[in-house]
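Structure first, then comments.
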Amino acid sequence: MSAPARSPRGRINGRISVSTLTLVLVGLACTVLIAKRATAEKHTGNLLADHGVVAGTDTAPSTAPTAEQAMGSITVVALNGKVVPLHTKGEPAILMISSRTCPWCKRALKDLGVMAAGRPLPRLKLLTLEGAGEGVAMLAQEQLTGAQLIGPAGGADRQRLTSRYGGTPTFVAIDRNGRVVRTLPGYPIAEEMKHWFAVMVGDQDDP
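According to this note's numbering, the sequence shown is numbered sequentially starting from 7.
Following this line, the structure appears as structure tokens:
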């Protein structure tokens, strides 16, 4: 005796069940990926937030990310092509992420040139997206000296840096322990620029 033929409705229900199962599996996979991403981002901290630094102190709390965590997994190199750390042990610094095509970056450097009046800026780290060498002309234009010129080690590092920071300039204030005190996208107000200038030239340690 032959088996009874399945009705069209039975075939449709079978297809619906398979489709439902597929959607459930895809949903679970997406949930796992989102959870993993959230966990990864949790360790880097919120870069656009004030990290609870107490006014008048020169160090960030232990909950603030280090400079390396804040920048993600990128590698930076100096003018000689050698990999360098983002933070010099025991010294605060102001990291400025810039681009040779950014008019506000040029404006910021111009204002720093006026304030410096020939004084070197040993605690300024100029991270130029197009490479450390591109920062040479930008500093020379404003007669700025003493700054550390760095840039992404490769194209992949530049892409990661660009996706992590919304635009240029972006200023990252780093305390003497290498922790991020504050991240500021855009051009600082005059008082903040004066404050960070004092850190850049070494007149004060509170970034």
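Backbone N, C-alpha and C define an ideal beta-carbon position, used for all residues, glycine too.
Any C-beta of chain D under 7 Å from that of residue i
i, result
"Arg-166", "This model lacks chain D altogether; it includes just one protein chain."
Residues of its chain near residue i, where Cβ-Cβ distance is below 8 Å and the 5 sequence neighbours each way are ignored
i, result
"Lys-200", "Met-121"
"Asp-117", "Met-199"
"Ala-159", "Ile-80, Thr-81, Val-82, Val-83 and Val-89"
"Trp-110", "Thr-174, Pro-175, Gly-192 and Tyr-193"
"Leu-145", "Leu-115, Leu-132, Thr-151, Ala-153 and Leu-155"
Cβ neighbours of residue i in the same chain (closer than 7 Å, five flanking residues each side left out)
i, result
"Pro-128", "Gly-152 and Gly-208"
"Arg-125", "Val-207"
"Thr-168", "Leu-135"
Status (buried if at least 16 other CB within 10 Å, exposed otherwise) for residue i
i, result
"Val-89", "exposed"
"Trp-202", "buried"
"Gly-139", "exposed"
"Ser-104", "buried"
"Arg-113", "exposed"
"Glu-197", "exposed"
Cβ pair residue i, residue j closer than 7 Å
i, j, result
"Val-186", "Ala-84", "no"
"Arg-170", "Glu-136", "no"
"Val-205", "Ile-100", "yes"
"Gln-148", "Leu-115", "Residue 148 is actually Glu in this sequence, not Gln. Closer than 7 Å, so yes."
"Leu-155", "Gly-172", "no"
"Pro-213", "Pro-71", "no"
"Gly-157", "Thr-134", "yes"
"Arg-166", "Gly-78", "yes"
Cβ neighbours of residue i in the same chain (closer than 6 Å, five flanking residues each side left out)
i, result
"Met-102", "Leu-132, Pro-175 and Phe-177"
"His-93", "Ala-73, Ile-180 and Gly-184"
"Leu-130", "Ile-100, Ala-153 and Met-206"
"Gly-96", "Arg-182"
Reduced DSSP secondary structure (H/G/I, E/B, other) of residue i
i, result
"Leu-167", "helix"
"Leu-133", "strand"
"Val-205", "helix"
"Ala-99", "strand"
"Ala-5", "Summary: the structure shown does not reach residue 5, with the chain confined to residues 7 through 213, and so no result is reported for it."
"Pro-213", "coil"
"Pro-191", "strand"
"Leu-53", "No answer about Leu-53 holds up, because its pLDDT of 42 lies below 50 and its placement is not dependable."
Continuous alpha helix (DSSP H) assignments of at least 4 residues falling wholly in the segment 111-162: 140-147
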